[in-house]
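First the structure, in the form of structure tokens, and then the observations on it.
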Amino acid sequence: MIRDKREIRTRFMQKARETVKEALKSRDMVLSGVARSIEELDKTINQLTERFESWYQVYFPELKLEDRQKYVQVAVFLDREKIDTAGLAKLVGQKKADEINNLAKRTLGAKLNEKDIMELKKLGERILALYELREEYQKYEEEIAKEVAPNISEIAGPEIAAKLIAHTGSLEKLAKMPASTVQVLGAEKALFKHLRNRKIAPPKHGIIFQYPNINNMPKEIRGKIARALANKIAIAAKADAFTKNYIADKLKEDLMKRIEEVKIKKKK
């Protein structure tokens, strides 16, 4: 009787593990889908914004804004012939609004008819809608990444966690990779070039280059920080995929210490 109960319990636990594993796989797929959708949105937004800017410059070539989303917002809002400076100031600040107002008065841009301007602004509105969709998807991506890979998300950020999982195909596949592979995920083309020609330096980082403590650092120490981060991600991925233990706080603490060590050595 006792043996039967143990067997039933063992079977039940095995079934529960399989159910959890399958559920996580499905969430992996959702996360990968969202991450890839964001990548496609970025490409579409960039292409359409470039097209919009080149078109709008025919009308108002003097308008210059570094923030491309802000550029589209201003272009959609703006009436070159009758500028609402107060409304414009809410978008770009009073100083920039006054500057745009002065530029509009002496613009060398073409005088478009009402239909042309309407169609131009219609494109701008569609682009802004894509920006909004991207923001919504990014929040959604963050939620799922924290659910599927809480350790990686805490150490490297939800966006990097999502991109790594999407790139490899699943959290389990990522968890089985050594740190050296994790470090260069996303830089396969550069790695293949190095393998074909050893005179070409190997890549020091791939997707993880987006980590602030890598891309904001001097080039000569990025490789060391990338190795340290990849090592922690590899450990975190195993915890997220297999043990389900939350170990991110300790891993993050160790990572920050290592980054500080690298920075101090650089100063010497």
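First residue of the sequence shown? That's 941 in our numbering, and the numbers climb one at a time after it.
No residue lacks a Cβ here, since even glycine has one placed at the ideal position from N, Cα and C.
Between residue i and residue j, what straight-line distance do the alpha-carbon atoms span, to the nearest angstrom?
{"i": "R1008", "j": "T989", "result": "7 Å"}
{"i": "V960", "j": "L971", "result": "Any answer about V960 is weak, because its pLDDT of 49 lies below 50 and its placement is not dependable; what the coordinates show is given next. The straight-line gap from Cα to Cα measures roughly 16 Å."}
{"i": "D1038", "j": "D982", "result": "31 Å"}
{"i": "P1143", "j": "A1127", "result": "7 Å"}
{"i": "A956", "j": "V1014", "result": "Bear in mind that a pLDDT of 47 at A956, under 50, signals an unreliable position, so the number given afterwards is only what the model happens to contain. Answer to the nearest angstrom: the Cα atoms are 55 Å apart."}
{"i": "A1021", "j": "I1040", "result": "Residue identity differs from the one stated: residue 1021 is Glu in this sequence, not Ala. When rounded, the distance between both Cα atoms is 12 Å."}
{"i": "A1174", "j": "I1140", "result": "27 Å"}
{"i": "K1055", "j": "K1061", "result": "10 Å"}
{"i": "K1197", "j": "K1190", "result": "11 Å"}
{"i": "G1109", "j": "R967", "result": "12 Å"}
{"i": "I1147", "j": "T1121", "result": "11 Å"}
{"i": "D1024", "j": "A1044", "result": "12 Å"}
{"i": "E1075", "j": "E1059", "result": "25 Å"}
{"i": "G1027", "j": "Y1151", "result": "37 Å"}
{"i": "K1184", "j": "F1132", "result": "34 Å"}
{"i": "L1068", "j": "A1119", "result": "39 Å"}
{"i": "I1057", "j": "L1135", "result": "53 Å"}
{"i": "G1033", "j": "L1195", "result": "40 Å"}
{"i": "S928", "j": "A1130", "result": "Only positions 941 to 1208 of the chain appear in this structure, which leaves residue 928 out of reach."}
{"i": "M1117", "j": "H1145", "result": "15 Å"}
{"i": "N1053", "j": "F1149", "result": "46 Å"}
{"i": "K1036", "j": "R1066", "result": "25 Å"}
Got a sec? Which residues, its chain only, sit under 6 Å from residue i by beta carbon, not counting five neighbours each side?
{"i": "S1011", "result": "The displayed chain sequence assigns Tyr, not Ser, to residue 1011. Closer than 6 Å at Cβ, skipping near neighbours: L1005."}
{"i": "R991", "result": "none"}
{"i": "L1063", "result": "F992"}
{"i": "N1171", "result": "A1119"}
Do residue j and residue i come within 7 Å of each other at the CB atom, strictly closer than that value?
{"i": "S1093", "j": "K1103", "result": "no"}
{"i": "A975", "j": "A1106", "result": "yes"}
{"i": "I1199", "j": "N1156", "result": "no"}
{"i": "A1177", "j": "L1125", "result": "no"}
{"i": "I985", "j": "L1073", "result": "no"}
{"i": "I1161", "j": "K1207", "result": "no"}
Is the shortest distance between the beta-carbon of residue i and the beta-carbons of chain B less than 7 Å?
{"i": "K1129", "result": "Within the model displayed, chain B is absent; a lone protein chain is all it includes."}
Would you grab the beta carbon distance between residue i and residue j for me? Rounded to a whole angstrom, and I think it's under 8 Å.
{"i": "L1169", "j": "A1096", "result": "6 Å"}
{"i": "P1090", "j": "D1180", "result": "6 Å"}
{"i": "G1049", "j": "V998", "result": "7 Å"}
Which residues in the same chain as residue i place their Cβ atom closer than 7 Å to its Cβ, once the five residues preceding and following it in sequence are excluded?
{"i": "I1165", "result": "N1153, I1154, M1157, I1199 and V1202"}
Can you list, in chain order, the residues of its chain whose CB lies under 8 Å from that of residue i, leaving out five sequence neighbours each side?
{"i": "T1047", "result": "F1000, P1001, E1002 and R1020"}
{"i": "Y1077", "result": "V974, S977, I978 and L981"}
{"i": "E1081", "result": "L971, V974, A975, I978, P1098, E1099 and A1102"}
{"i": "K1030", "result": "none"}
{"i": "L1111", "result": "L964, D968, V1088, A1089, I1105, A1177, D1180 and A1181"}
For residue i, verify whether its CB is less than 6 Å away from any heavy atom of the ligand GTP.
{"i": "I1040", "result": "Only the bare structure without any ligand can be found here, which leaves the ligand GTP out of the picture."}
Q: List in chain order: all unbroken alpha helix (DSSP H) runs of 4+ residues lying wholly within the region 1062-1145.
A: 1090-1096, 1098-1108, 1111-1115, 1119-1124 and 1128-1136
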